[in-house]
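See below for the structure under consideration.
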Amino acid sequence: MILLKNLQRRLSSITSYQITKRQKFILMAVFLTGFLLTTQTVAESFRYEFMIFMVAATILLAIFSLWGELAGVKYFLLLLLPVYFVAGASLFYFLLPVRWLTRLPYALLFGVSVYLLMLTANIYNVAAIRTIALLRAAHAVGLLFSLVSTFFLANVVFSLHPPFYLVVAGIAAIVFPLYLVGLWSYELEEFISRRVFNYAAIFTLVSAEVAFVLSFWPIAPINGALVSATIMYVLLGLSQLHFGDKLRRRVVYEHLLVAFAVFLVVVWTTRWGG
C-alpha cells in the first residue's frame, strides 16, 4: 500500500512538471543540431528532402515552444527568421568539407544560433504585449541573423547558376519576408502596417534589381551572396534606425561606407577576363 502511494506520488510529480520556455528552446536547438550532424551519412541526392524536413521540424518545434502566446500575424512573422536561418544553414552545411573538424564546430554554432533566435522571437512576442528591456538586444540579434540567413540562401541561389529570372525570383523570395519581419519588429502590432509593407516591397525591389545585374556578371557565388547581405544591411539597418527615431547623418555615412567597401572588394575579386 505504501509502495503504491509512493508510486502515485512520483507519477503525479512527473505529470505535473511543466517545461519552461528556455528548456523548450534548448531541446529544440539540441534536436536540430543532432539531426544536422547525422547528415554526414546522407547522400547528396537527399539533401533537399533533408532541408524540407529540417524546415518542417523547425516550424513545429517553434510553434510548440511559443505556444499559448502566438496570435494574429505573429503566427507567421515570428516563425520566419528561425525557418529561413535553418533552411540556409542546412543547405550551406552541405557545402562544407566532409570532415568532422569543420562540420562539428559549425553544428555547435548552429545550435547556439537556433537558441538565440528562439529567444529573440520570444522577446518580440512578449514585447508586443508589454515593454521589455531586452528588445534592443533582440533587434540587434534579429538583424544579424537576417543578414546571415540572406547570405546563406543567396549563396545557394548563385551557386546553382540559374537563368536571370530565377535569380531575381529567388532573391526576392529570400529577402521580402526578412525585410517584413525586420521592419515589423519595430512596430510589433497585431497586423502588418502599410508603412512596413511598402518599405519591405521597395527594399525587395532594390535587392531584386541588383540581383538582376549580378546575374550577368562573372561573379563568384559567395560574392553575390555578400552583395545581397550588404544591401540588406544598409536598407534594413537604416530603416530600423529611422523607425526608432535614431537615424543620424553619421550613421548613414557609416552604412554607405561599408557598402562601398564591399563593392570594391567584389569588383576587385571578380574575374572579368574569360
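Residue numbers (the numbering used here): 48 to 321.
The beta carbon of each residue, even a glycine, is placed where N, CA and C say it ideally should be.
Work out the CA separation of residue j and residue i for me, nearest whole Å.
i	j	result
proline 268	isoleucine 66	43 Å
leucine 151	phenylalanine 82	12 Å
threonine 197	leucine 125	17 Å
phenylalanine 192	tyrosine 226	12 Å
asparagine 270	valine 173	37 Å
phenylalanine 100	threonine 149	23 Å
phenylalanine 307	valine 313	10 Å
isoleucine 179	leucine 166	13 Å
isoleucine 106	tryptophan 319	43 Å
valine 309	tyrosine 300	14 Å
leucine 294	valine 281	12 Å
glutamate 236	serine 92	42 Å
leucine 303	phenylalanine 244	24 Å
lysine 121	isoleucine 73	21 Å
tryptophan 264	lysine 71	45 Å
valine 260	alanine 216	13 Å
valine 298	leucine 311	20 Å
glutamate 234	phenylalanine 97	35 Å
arginine 242	isoleucine 176	21 Å
leucine 155	isoleucine 221	25 Å
valine 42	valine 305	One cannot answer for residue 42 here, as it falls past the ends of the chain, which runs 48 to 321.
valine 203	histidine 186	26 Å
alanine 184	arginine 296	23 Å
leucine 181	phenylalanine 238	22 Å
threonine 86	aspartate 292	45 Å
valine 253	leucine 194	16 Å
lysine 68	valine 159	15 Å
leucine 54	methionine 75	Unreliable positioning characterises leucine 54 in this predicted model, as indicated by a pLDDT of 44, which lies under 50. The coordinate reading is nonetheless provided below. For leucine 54 and methionine 75, the distance between alpha carbons rounds to 30 Å.
Would residue i be called buried (16 or more neighbouring beta carbons within 10 Å of its own) or exposed?
i	result
tyrosine 95	exposed
tyrosine 246	buried
histidine 208	exposed
tryptophan 315	exposed
tyrosine 131	buried
tyrosine 162	buried
serine 240	exposed
glycine 119	exposed
phenylalanine 111	exposed
valine 133	buried
phenylalanine 199	buried
alanine 136	buried
Report yes if the CB atom of residue i is closer than 8 Å to the CB atom of residue j, and no otherwise.
i	j	result
threonine 80	phenylalanine 157	yes
leucine 128	valine 228	yes
serine 275	alanine 258	yes
threonine 251	phenylalanine 290	no
alanine 219	alanine 255	yes
serine 262	tyrosine 171	no
glycine 284	leucine 164	no
threonine 317	isoleucine 266	yes
alanine 103	phenylalanine 205	no
leucine 84	alanine 168	no
serine 286	leucine 213	no
tyrosine 153	leucine 143	yes
Under 8 Å, Cβ to Cβ, is there at least one residue of chain D near residue i?
i	result
arginine 295	The chain inventory of the structure shown lacks chain D, comprising one protein chain alone.
Scan the stretch 75-129 and note each continuous alpha helix (DSSP H) run of 4 residues or more that stays entirely inside, going in chain order.
Those alpha helix (DSSP H) runs which fall completely within the stretch 75-129 and span 4+ residues are 94-113.
Just list the alpha helix (DSSP H) runs in the stretch 121-196, keeping only unbroken ones of 4 residues or longer that don't cross its boundaries, in chain order.
Along the length of the stretch 121-196, whole alpha helix (DSSP H) runs at least 4 residues long occupy 121-140 and 147-174, reported in chain order.
Fully enclosed by the stretch 230-282, which alpha helix (DSSP H) runs are 4 residues long or longer?
For the stretch 230-282, whole alpha helix (DSSP H) runs of length 4 or above, ordered along the chain, are 241-261.
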